[in-house]
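Peer 1: Shown below is the structure under consideration.
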Amino acid sequence: MDGRPWPWRRASASDAAGNQCVEVQWTGYYVLVRDSTRPHGPRLSFHSDAWTHFLETARRPDTAS
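Counting in the UniProt record's numbering, the sequence shown runs from 1 upward without gaps.
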């Protein structure tokens, strides 16, 4: 990676029209999360280790809803 952030990625569970989605962007040390309907709106920032832990926890069968 050359220091530029990766492109925004849309959640695979978005609606069929591609609206009302959560998007994430990896910047190296942090993961940014935004609402696709407000690309210039507020963003949440998570350290990459915390984001990895979140994904691992969310994927566990005992935590799935």
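The C-beta atom is built at its ideal place from N, Cα and C for all residues, glycine as well.
So what does F46 bridge to, in DSSP terms?
Peer 2: V31
Peer 1: Got a sec, what are the start and stop residues for the beta strand (DSSP E) Q25 sits in?
Peer 2: 22–26
Peer 1: Cβ of Y30 within 8 Å of Cβ of H47?
Peer 2: For the pair Y30 and H47, the CB atoms are nearer than the 8 Å cut-off.
Peer 1: Between the C-alpha atoms of Q20 and S12, what's the straight-line distance to the nearest angstrom?
Peer 2: 12 Å
Peer 1: Mapping DSSP to helix, strand and coil, what is R59?
Peer 2: helix
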